[in-house]
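Taking it in order: structure first as structure tokens, then the write-up.
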Amino acid sequence: MERPLPLSTLLSQILVAFTIEFDNEAERRMPHSTTAHGRSSLSGMPAPWLVSMVMWFNCMQHVGDEPISIKELEHRARTPTNFDGMQRWGYINVENPSTKTAVSGRKTQLRRSGSMITATPAGQAAKKIWRPLFLVIEDRWRDRFGSPEITALREASLVIVKHLDPRLPDCLPILKYGLFCAGPLANASSANPTDIANLHLPSLLSKLLLSIALEFESESPVSLAICANVLRQLNAEGVRIRDLPTLSGVSKEALKMAMGILVKRRLALLANDEKASLWKVTRLTSAGLELQGKYLQQLGAIEERWQSRFGKAAIQTLREAAQTVTGADGSDGLLLRSIEPYAEGWRAAVVRPSTLPHFPMVLHRGGYPDGS
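Residue 362 in numbering that gives the first Met the number 0 sits at position 363 of the sequence shown; the count goes up by one each step and never skips.
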């Protein structure tokens, strides 16, 4: 019998699908620009560079007309954002009250600590479009999957989230060096029970996933994002690098970062394909095969610990609710339908994945859940 999919995989695929559908709808409604497609056809407003839903959670929902300090923004968001990117992409203004010029790295940090953030006109416009989209997408999902099914998933998630660290952010953090997850900031605010009860579905899923990842990564030399999306797909015989985006649902850029880490740690090797020398293949070393074998065992052990911690019935209810949405194999047609782009969207011009990531690849490039 096949081993059931890890709970983290089920939750990840739901979160990724929700995020991509959210992003696709935001792209359709919002003036924007992208590297490949240039400026959108919508006119009359500034067109910032397109970013993903995570950048609402870790930045824009806390930024308005009145200046807010970087320290206070991170206190509220409970996780860092890409300030340089959000400024460069046109969403925020960063002003420093000090007139001192930054010279060394240390002075740059001192200057940044005193910086104040405000939303640009484009950022304000984006906020008005993003804010209502959570309910728009959730209503679609109730029609698509069934209202009782989405309610069950939400309630089962909430039962567990109420017992997790209240300082966890409302989104997955941007992955740090080694593609590891970052825990809540030391100065992070704590959510109160009322705030937790009113969280949108992607925030509940993010808190669950981050808790699992932090527990996994406290015991693993390689991040959950790499194990779940890349290491899982490899073997000793060799897998073509060009096939990995389709197999994993993760972007080429994110895979390149992950492969660099695996090769550096001597868990995988790169070589020319013996059958087609134009293509590169990657093979797991003996150390990589050993770690691959431990990956699912470790996730299984975490789920067992969660059953002891939160109650076997609560975890089983969460798993069943997630399976109802994902389908038996984790890639149900209804879930994949959620990521179908509009004809004019940037995702319509790229190869459609045959699966969804087994853990979100949230990078500094814009926060997209597949590392795009």
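Backbone N, C-alpha and C define an ideal beta-carbon position, used for all residues, glycine too.
Distance from the Cα of Arg2 is smallest, within the candidate group Glu302, Tyr367 and Leu295, for Leu295. According to DSSP, residue pairing for Ala267 in a beta bridge involves Leu283. Annotated as proximal: Pro368 and Val53, with beta-carbon spacing under 9 Å. Each residue's CA atom was taken as its position, placing Ser32 and Pro47 some 6 Å apart. Nearest to Thr323 by C-alpha distance, out of Cys170, Thr284 and Ala155, is Ala155. Pairing Val221 with Ile159 gives a Cβ-Cβ distance that is not under 9 Å.
Rounded to whole angstroms, the gap between the alpha carbons of Glu65 and Met115 is 9 Å. Between Ala212 and Asn271, the alpha-carbon positions lie close to 33 Å from each other. A straight line joining the alpha-carbon of Arg75 with that of His363 spans about 19 Å.
Straight-line spacing of the CA atoms in Glu303 and Arg318 works out to 12 Å. Taken through DSSP and simplified to helix, strand or coil, Asn23 comes out as helix. Comparing C-alpha distances from Gly344 to each of Leu288, Arg28 and Gln232 shows the shortest one belongs to Arg28. The three-state secondary structure of Ala118, taken from DSSP, is strand. Judged by beta-carbon spacing, Ala121 lies within the 9 Å limit of Gly89, meaning their Cβ atoms are closer than that value.
Pairing Thr119 with Pro30, the inter-Cα distance amounts to about 14 Å.
Judged by DSSP secondary structure, Glu94 falls outside any alpha helix (DSSP H) and instead within the beta strand (DSSP E) spanning Ile91 to Glu94. Under DSSP, the beta-bridge partners assigned to Met360 are Asp369. Rounded to whole angstroms, the Cβ separation of Leu167 and Leu209 is 6 Å, and the two are in contact under 8 Å. Boundaries of the alpha helix (DSSP H) around Glu214: Leu200 to Glu216.
In terms of Cα proximity to Asn197, the closest of Arg153, Ile91 and Tyr176 is Arg153.
Under the three-pair Cβ rule at 8 Å, the region 184-195 does not count as touching the region 217-233.
Of Leu298, Ile338 and Val62, the smallest CA-CA separation from Glu218 is found for Leu298.
In the three-state reduction of the DSSP assignment, Arg139 falls in the helix class. Put simply, the region 137-146 does not touch the region 173-180. Fewer than three CB pairs are less than 8 Å apart.
When beta bridges are read from the DSSP output, Arg239 appears opposite Val280. Taking Ile67 as reference, the option from Glu26, Asp22, Arg77 and Gly113 with the minimal CA-CA separation is Gly113.
Sequence-distant partners of Ala235 (beyond 5 residues in either direction) whose C-beta falls short of 7 Å from its own C-beta, in its chain, are Arg282, Leu283 and Leu288. In this structure, DSSP gives Ile67 an extended state, which the three-state scheme calls strand. DSSP, reduced to helix, strand and coil, places Trp305 within a helical segment of the structure shown. Glu26 has its alpha-carbon roughly 13 Å from the corresponding atom of Glu339. Contact between Ser247 and Val229 holds, with the beta-carbon distance rounding to 6 Å and staying under 8 Å.
Sorting Met258, Ala300, Gly366 and Lys293 by C-alpha distance to the C-alpha of Val280 places Met258 at the top. If you draw a 10 Å sphere on the C-beta of Asn191, you find fewer than 16 other C-beta atoms in it, and that means exposed.
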